[in-house]
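In terms of the numbering used here, the sequence shown opens at residue 254 and continues consecutively.
Note that the Cβ used here is the ideal one computed from N, Cα and C, for glycine as well.
The structure appears below as structure tokens.
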Amino acid sequence: MALAWSLPAPAQGTRSFPEAARPGRFAMRIFPEATLDGEPVRLGAGTRIFDQRNMIVMPASLSGSFDALVERDPAGNVSRVWLLTPEELLAAQAREQARSAASGR
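Shown next as structure tokens:
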């Protein structure tokens, strides 16, 4: 039984992110206000923020700025945020460069 507790949970493995998620530097301000790459953004109703362990965190518990992937809702509000590990950041930057190259930017 003790062995089962020491095995990593599936949520601790590699995370996958939606194609619509874009990388940026995310910082919480006074809820529901935040910044993304220094520009003001608004968190939508029911926004979920996932930390580097894929655990949901409360906006008020965040202090500082974080490398993140951000997904927006149809109104342009932030709907989901994933705070990235250094490895995930490198993968997200590579994905964004490939996306830009494919679109001719």
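Assign residue i to buried or exposed, taking buried as 16 or more other Cβ atoms, counted over all protein chains shown, within 10 Å of its Cβ.
i    : result
F284 : exposed
I302 : buried
S259 : Bear in mind that the predicted position of S259 carries a pLDDT of just 44, short of 50, making it unreliable; the figure below should be weighed with that in mind. Exposed is the call here.
L289 : buried
Within the same chain, show all residues whose beta-carbon is closer than 7 Å to that of residue i, passing over the 5 residues directly before and after it, in chain order.
i    : result
A287 : F279, A280, M281, V294, L296 and V331
Roughly how many angstroms separate the alpha carbons of residue i and residue j, rounded to a whole number?
i    : j    : result
P263 : D304 : Caution applies to P263, whose pLDDT of 48 falls short of 50 and renders its modelled position unreliable; the model cannot decide the point.
R352 : Q346 : 10 Å
T338 : D320 : 8 Å
E324 : N307 : 15 Å
L336 : S356 : 26 Å
A328 : P271 : 18 Å
Give the DSSP bridge partners of residue i, in chain order.
i    : result
F319 : F279
Which same chain residues end up closer than 6 Å to residue i when comparing Cβ atoms and leaving out the 5 residues on each side of it in sequence?
i    : result
L315 : M281
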